[in-house]
Every structure is written in C-alpha cells, then in structure tokens.
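Undergrad: Got a structure for you, written out below as structure tokens; questions coming shortly.
Shown next as structure tokens:
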C-alpha cells in the first residue's frame, strides 16, 4: 500500500511571521509538515515556517500522537530519534464493484475478495485448479468465475510444453518470455491472447469474469475484450446469502446468470468459453436463448427490422420497456420478457424495492433508524443497541462525522420531581428541544410543536425547495432533507440513508451494522458504561450543565406502572395486548414481544391520560416484522394509530366505555354493557353526549328518537366511524 511520509515540528520553536500568528489560536502542540531532510525543517507551502523536529527515544517503535489518534490512515514511528508519520494512500478501485467497508477502523475500503477451498484470493487474481491444468478460476469483486481454457492452435505441428494446458507453436523472441505478444497469425477474435513461453508462442481464450453489477453499469475499455463495472457499491457480508446484480440469492440455491453461466450462492460461477469463429465480429450473431454466437452471412432482404416505426439492423438489441428485451434477427423482431422472482425475501436491514428502469424488485439496503422513546429516555441506536438514559444537558444525538453535513442535538432541562408528579406531567424534563443543523440551516423543535428556523419562528408547513421541508403530520413534526427527523410529544426518530453508513457518531451510534461498538466516544474509545459514553457527547459552554443521569434500574422503577392503581394498570395492559393478538401471530416465533410489550407499558403508564402513547412501541415491533417479510396491514386501524384525531369538541382517551353515551342511551342504562371493560376512542366532555358523530349537550338532543335512530348506542365509535362522521358533519 503506498504511503506519504510526514514529520512533526515543535510549534513552540516555530519561527512564524506576524501574518501567521493566528495559528496559535488553535493551541495545538505540534504541526504536520511534508517530509524533508535535515534536522531543521522548512514547509514547502510556507517557506517562512521553520522549527525543530519533535524528538523521541524508542527507536523503531510506534508512537501514539493524541492529535492524530482518531485518524486510521496515519501511523507514526520513531526514526532517527524523530517522530515520522506515514499516511496510507488508498489504491484505485477501478473495475471493483463491491467494496467492503473499512473494518476495525482501517483506513481504506477493500475490494471484496474470494474464498475458495480454504484459501483467500484478492479481486483480479487468476489461479489454476490443482487437479486440472486446463481449468482456470478468476476472482472479481467476490465472485469466482470457473472455466475451461480454450486452446487456439493456429499452426500445423504444435509442441506440448509440460505444465501448460495448451500446446505451443513457432518460436518467439527470448526477451519476450512470459509477456503478451502480438500473434503472427491472422486472429480476428479480440479475446484470444498469445504469450511467449520458453521461446514458443501459446495462444488461448479465457472467459470474461462474471460481473456482480447490473448490466447498466457494464462498459468495455478501448482495445479490451472483457467488460468491467463502472462505479462502486459498499457492502457487508450477507451471512450465507450472496448479492448478484440487483438481487440477493438465498443459501443453497443455484441460478442462471446468463445463457453461458450458472452460479450458486457461494458466488462460484461456471462459465462456458465460446470457440473463436472464422468470420469477422460484424458477421457474428447470438440468437435468443443461445450462449455462443454463430457466423451469419448477411442477406440483403433480411438486414433490417421495423418495430414501432423505427428501423433496426440485424443483430441490434434494444429495451422495449422495463420488462421486455428485443432484438432484430435476420429481419425478424424477437422479444423476450424478463421473469421476476416472486418469492424473493430480503435479509434483515434490506427492503424489496423496484428501482427506476428495472422490471423486477430487488433487495436494496434499508434506511437506518435511531429511536428515542418513553418520554425521551429509551434509546435504540442505528444498529439496534438499546439503552436507557436520562440527563440534563445538550447532547449530540447524531452527526455526520465525516463531511459535517448534518447534526442533531437534544437539549434536556431536568426538573427534579416526585414519581407521581412526573407521571401526571408526562415528562421527566421541564423542557426538551431538538436542534438540527443541515448544511447552513439551523432548525429548532420546541415544546408544543414550536418550530424556529434560524432565529425566526415559522408556521408549518415550511418548505425550501430542494433543501428541506418541515410539516406537521397528525401528532408529529417531520423534517425531510438528506435525513428525515420526526418528533412527537414523547418520541424522536432520526432516519438516515445507507450513504451515511460508518459516517455517524453520537448517542445514536456509528451505524456500521455492529451494535457492540456503538458506545464509542468522541475520542474513539469504546465504553461499556452508559454514563461514560453519554457524558462524552455533552456539548456547549454551560458550566452548570450538570449530570442528572439515573441508573437504568432506577429509571425502570420510575417508569413502571403504579400497580396499586387498578385503572391505570388495566388501561396499559389493554392497549398493549395488541402485540399479543393474531395481527402479529406470524411474527411471534421469530421476534420476542417481551421487550416491546415492556416498552409499551412504560409509554402508556407515563402518558397523560388523553394522549396516544402506545403507538411507538407497536410501530417498532411492526417494523421488525416487516423486515422479516411479515406485514400486517390492519394493525393501525385496530389500534387508532392511523387516525389519532377526534372530532372537534371531543378528546382522545386510551380507555373509553364500551357503551357510548348518546342521545338515545343517556336516559336509560344498558344492563348488558360491561362497564369494567374499555377501549381506545374519543370521549365527549362531561355533560355532553354523542349524536351524529359529534358531541352535543344533552339538552340539545332531539325529543323524538326511535330505537333505531342512533348507531352509537350499540357500536363502538372507532376511527373509521370518526372519519366517516366527520365528513358528514362538515358537509
């Protein structure tokens, strides 16, 4: 791996002109300069910047420089009693489509290599089968292409050379030994290569490597035989599955890559090598469904095809639409439909999506979500690590630590209250706000959905075309930009696309699909203690920013339901039992509901009586189910999480009577009504009853009502009725 050498100067001994004295503002103890010889160094970019090298004693040993400890690309050693550092320079990834993310804080991404019979091979490496000298294998971006070498013998009396598959022909110049040469024979196939071996010419044809990128990314460099992939895609291992083009194939399956190639999920593909043809490439044609081309003499009457008012030459291929590929064969148009895998199941953290220009849906990496729930005290990082935390300060929730394109802060103003008071007031904090910085725009989300952009309060929706949008959606504020943030009264979600993988930091973790290293501090140290980790992400100059953290055990005790209050306990269990219902039955064997049920209870128990607080926990469980291919379309309708909006004059309650008080029922009681049971729904104020989907005073009820005049007397007013009755009332 190429490196650049750097040397350090003691900044206290630098001779700096007045115009450069601003450098002392940063209070750094060392300066990094380009390497030059001699003990007194001078920077090429600043010829007036001179000083003495920093000395060291442990000759040849590594030296830790605290200023550079977070940069995995720099390594320092003691050389000639001076600190000398080298910067690793990443290689050109041309032709490599699949890159592994830098692991264990390595500097450079690595082109995905191949495992074969216990050996590891780098991408681009070609090797022979130990048992068959004519069988070759080549590794390309994690895919092994296996093929039998096709020998091209253009002479009459070939000579067999031991250790080589193909026989040789006439002599070549000795100084070209082992090098490619221009064949003295008339060879029209650009994929036939000749080389000089032991003074003789050997010509052979090899298969082109199987490419993991979609065909839209293929291109063939000038004067080359085989196509390569344009661009790169960063991936991680699929745990037994393999990624090919735009699809993920399950372990144990085999599939046809093309008409010449069959692959399995170990990413080993067997490819047929087509023999060279005597005709020129312009007279070669591959018919639909065939692997190898054939020679076709052009026929004047069959050289073109007419399709949808456009003329095509024989041999032309074109895409009719996203799902049909057509070609002109001897004057006849032949079209073939692409078939889609209807049973394709995406692995965890991937979603099934149909990309623009594609016929079939494919597995693409899903966005990562960091959730802060249960009155902003329960955290779930981008990688799924969960912990509880409660502190008074300004903390970095998430930040782009590479390019600084965004940052999200949470500001908690803690107020010491009794447990009962905390539950009544629905918060552990006297005030919580979220601050977002996207490029140069600062947004602050305050209490009661108060939103400021810059220093000005704005009305919603607030839209800046091409930059961001801020809208109020039901009971939450949603910000959409390069990332998506939504905030409700007691929960926050930060959603980032895969482009930010291994780029984030803060209380939401580093987003690398490894929850075990999420407790990483600003200085790159990994802790196991929540207190040390969260303390490192405090920001601001407030000297009274004191810690009000509580132990996880104490917080859990605080968030538990008061089981002496039967109504509160029953209410919480009643609304959270949806997790145990048949709506999620398919998920129960794959994902335990214990954690999600506990979160739901905590949310509801600490919730204000007339607020909806159970939906966050249920949404989290539904999301995990969906990632495994199970999806319930009706859970929001069954739980009032889809339309948490009641008609004007009424309020939402998680526990309303099974028997609604209406104009019809307000004068008599129903003995069959089960008063001890309740359901989530809308509640009229004291002294009012339901009539035609609205709350009215009992005195305003019509005097003549028959037994069938009112629907609400026997039917629970769920959210579907609310929406229906609202539309009637508005008209």
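In the UniProt record's numbering, the protein residues as written are 1 to 731. Glycine included, every Cβ here is placed at the ideal spot set by N, Cα and C. Since this is a predicted model, take the numbers as computed values, not measurements.
For residue 229, which residues from the same chain have a beta carbon less than 6 Å from its beta carbon, with the 5 sequence-adjacent residues on both sides left out?
TA: Numbered from its first residue, the chain shown carries residue 229 at position 229. Contacts found: 97, 211, 213, 217.
Undergrad: From residue 503 to residue 350, what does the alpha carbon distance come to, in whole angstroms?
TA: Residue 503 sits at position 503 when you count from the first residue of the chain shown. Residue 350 sits at position 350 when you count from the first residue of the chain shown. In a straight line, the C-alpha of residue 503 is about 19 Å away from that of residue 350.
Undergrad: Can you give me the C-alpha to C-alpha distance between residue 367 and residue 248, rounded to a whole angstrom?
TA: Position 367 of the chain shown, counting from 1, holds the residue named residue 367. Position 248 of the chain shown, counting from 1, holds the residue named residue 248. Distance between the alpha carbons of residue 367 and residue 248 is about 17 Å.
Undergrad: If you check the beta carbons only, do residue 73 and residue 87 fall under 8 Å apart?
TA: Position 73 of the chain shown, counted from the first residue, corresponds to residue 73. Position 87 of the chain shown, counted from the first residue, corresponds to residue 87. It is a contact, given that the beta carbons lie within the stated cut-off.
Undergrad: Helix, strand or coil for residue 98, going by three-state DSSP, please let me know.
TA: Translated into positions along the chain shown, residue 98 becomes position 98. If DSSP states are grouped into helix, strand and coil, residue 98 belongs with the strands.
Undergrad: Considering only the beta carbon of each residue, do residue 373 and residue 71 sit closer than 8 Å?
TA: Taking the first residue of the chain shown as position 1, residue 373 is located at position 373. Taking the first residue of the chain shown as position 1, residue 71 is located at position 71. Not in contact: residue 373 and residue 71 (Cβ atoms no closer than 8 Å).
Undergrad: Tell me which residues share the same chain as residue 272 and place their Cβ nearer than 8 Å to its Cβ, disregarding the 5 neighbours each side in the sequence.
TA: Taking the first residue of the chain shown as position 1, residue 272 is located at position 272. 147, 207, 260, 261, 291, 292.
Undergrad: Since residue 112 and residue 142 are thought to touch, with beta carbons under 8 Å apart, how far apart are those beta carbons, to the nearest angstrom?
TA: Within the chain shown, numbered from 1, the residue matching residue 112 stands at position 112. Within the chain shown, numbered from 1, the residue matching residue 142 stands at position 142. Correct: roughly 4 Å between the Cβ atoms.
Undergrad: DSSP state of residue 577, grouped into three classes?
TA: In the chain shown, residue 577 corresponds to position 577, counting from 1. In the structure shown, residue 577 sits in a helix (DSSP, three-state: H, G or I).
Undergrad: So within the UniProt domain "VWFC" (303–364), which uninterrupted beta strand (DSSP E) runs reach at least 3 residues, ignoring any that extend past its ends?
TA: Runs found: 304–307, 310–313, 317–321, 324–329, 332–337, 350–353.
Undergrad: Per DSSP, residue 140 is paired with what?
TA: Stepping through the chain shown from its first residue, residue 140 is reached at position 140. Answer by DSSP bridge pairing, in chain order: 143.
Undergrad: Which residue marks the beginning of the beta strand (DSSP E) containing residue 193, and which one marks its end?
TA: Translated into the one-based positions of the chain shown, residue 193 becomes position 193. Unbroken beta strand (DSSP E) run through residue 193: 192–197.
Undergrad: Three or more C-beta pairs under 8 Å: does that hold for the region 493–508 against the region 385–398?
TA: Counting Cβ pairs under 8 Å, three or more are found: they touch.
Undergrad: Checking 8 Å against the spacing of the C-beta atoms, do residue 495 and residue 483 come in under that value?
TA: In the chain shown, counting from the first residue as 1, residue 495 sits at position 495. In the chain shown, counting from the first residue as 1, residue 483 sits at position 483. Result yes, Cβ atoms of residue 495 and residue 483 sit closer than 8 Å.
Undergrad: Within this structure, are the beta carbons of residue 323 and residue 295 separated by less than 8 Å?
TA: Taking the chain shown and counting its residues from 1, the one referred to as residue 323 is at position 323. Taking the chain shown and counting its residues from 1, the one referred to as residue 295 is at position 295. Not a contact, by the Cβ cut-off of 8 Å.
Undergrad: Within 10 Å of its beta-carbon, does residue 688 have 16 or more other beta-carbons around it, so buried, or fewer, so exposed?
TA: Indexing the chain shown from 1 puts residue 688 at position 688. It counts as buried.
Undergrad: When DSSP builds the beta bridges, which residues end up paired with residue 135?
TA: For the purposes of this step, residue 135 is identified with residue 135 of the chain shown, where counting begins at 1. Per DSSP, 148.
Undergrad: Contact defined as beta carbons within less than 8 Å: I believe residue 617 pairs with residue 600. What is the distance between those atoms, to the nearest angstrom?
TA: Mapped onto the chain shown, residue 617 falls at position 617. Mapped onto the chain shown, residue 600 falls at position 600. At roughly 4 Å, the Cβ-Cβ gap stays under 8 Å, so residue 617 and residue 600 are in contact.
Undergrad: Please name the residue, chosen from 198, 329, 219, 187, that lies closest to residue 204 on a Cα-to-Cα basis.
TA: Your numbering for residue 204 matches position 204 in the chain shown. Here the closest residue by C-alpha is 187.
Undergrad: DSSP three-state call for residue 87: helix, strand or coil?
TA: The count along the chain shown starts at 1 and reaches residue 87 at position 87. DSSP places residue 87 in strand when its eight states are reduced to three.
Undergrad: Who are the Cβ neighbours of residue 596 in its own chain at under 7 Å, not counting the five residues just before and after it?
TA: For the purposes of this step, residue 596 is identified with residue 596 of the chain shown, where counting begins at 1. Excluding residues within five positions, the ones whose Cβ falls inside 7 Å are 579, 617, 620, 621.
Undergrad: Span of the alpha helix (DSSP H) holding residue 599?
TA: Residue 599 sits at position 599 when you count from the first residue of the chain shown. Looking at the DSSP string, the run of the alpha helix (DSSP H) that includes residue 599 is 594–605.
Undergrad: Which residues does DSSP pair with residue 436 in a beta bridge?
TA: For the purposes of this step, residue 436 is taken as residue 436 along the chain shown, with counting starting at 1. Per DSSP, 408, 443.
Undergrad: Identify whether residue 403 lies in helix, strand or coil by the three-state DSSP scheme.
TA: The residue you call residue 403 lines up with position 403 of the chain shown. Coil, per DSSP.
Undergrad: According to DSSP, simplified to helix, strand and coil, what is residue 615?
TA: By 1-based counting over the chain shown, the position of residue 615 is 615. Residue 615: helix per DSSP, three-state reduction.
Undergrad: Compare the C-alpha of residue 356 against each of 321, 448, 533 and name the closest.
TA: Counting from 1 along the chain shown, the entry for residue 356 is found at position 356. The residue with the shortest Cα to Cα distance from residue 356 is 321.
Undergrad: Taking residue 586 as part of the alpha helix (DSSP H), name the residues at either end of that continuous run.
TA: As a first step, residue 586 must be located in the chain shown, where it is residue number 586. 585–588 is the span of the alpha helix (DSSP H), which, as asked, contains residue 586.
Undergrad: Identify the continuous alpha helix (DSSP H) that holds residue 234 and give its terminal residues.
TA: Within the chain shown, the letter at position 234 stands for residue 234. From DSSP, residue 234 is part of no alpha helix (DSSP H) but of the beta strand (DSSP E) over 233–235.
Undergrad: Hey, quick one: how far does the alpha helix (DSSP H) through residue 732 stretch, first residue to last?
TA: Nothing can be reported for residue 732, as the shown portion of the chain is limited to 1 through 731.
Undergrad: Is the Cβ-Cβ distance between residue 701 and residue 685 less than 8 Å?
TA: Here the question's residue 701 lines up with position 701 in the chain shown. Here the question's residue 685 lines up with position 685 in the chain shown. Against a cut-off of 8 Å, the Cβ pair of residue 685 and residue 701 comes out as no contact.
Undergrad: Taking the beta strand (DSSP E) that residue 472 falls in, what are its first and last residues?
TA: If you number the chain shown from 1, residue 472 lands on position 472. Run containing residue 472: 468–473, per the beta strand (DSSP E) assignment.
Undergrad: Just verifying my parser: in three-state terms, what is the DSSP assignment at residue 256?
TA: Working through the chain shown from its first residue, we reach residue 256 at position 256. In this structure, residue 256 counts as strand in the three-state DSSP scheme.
Undergrad: Would you decide whether residue 473 is buried or exposed? Buried here means 16 or more other CB atoms lie within 10 Å of its CB.
TA: For the purposes of this step, residue 473 is identified with residue 473 of the chain shown, where counting begins at 1. Classification of residue 473: exposed, given that the 10 Å Cβ count is below 16.
Undergrad: Here's a check: name, in chain order, each residue in its chain whose Cβ is nearer than 8 Å to the Cβ of residue 523, leaving out the five neighbours to either side.
TA: Translated into positions along the chain shown, residue 523 becomes position 523. Answer for residue 523: 69, 70, 536, listed in chain order.
Undergrad: What do you get for residue 664, buried or exposed, if any count of 16 or more other CB atoms within 10 angstroms of its CB means buried?
TA: Within the chain shown, numbered from 1, the residue matching residue 664 stands at position 664. So residue 664 counts as buried.
Undergrad: Let me check one thing: in DSSP terms, what residues is residue 368 bridge-paired to?
TA: Residue numbering aside, residue 368 sits at position 368 when the chain shown is read from its first letter. DSSP output for residue 368 lists 496 as bridge partner(s).
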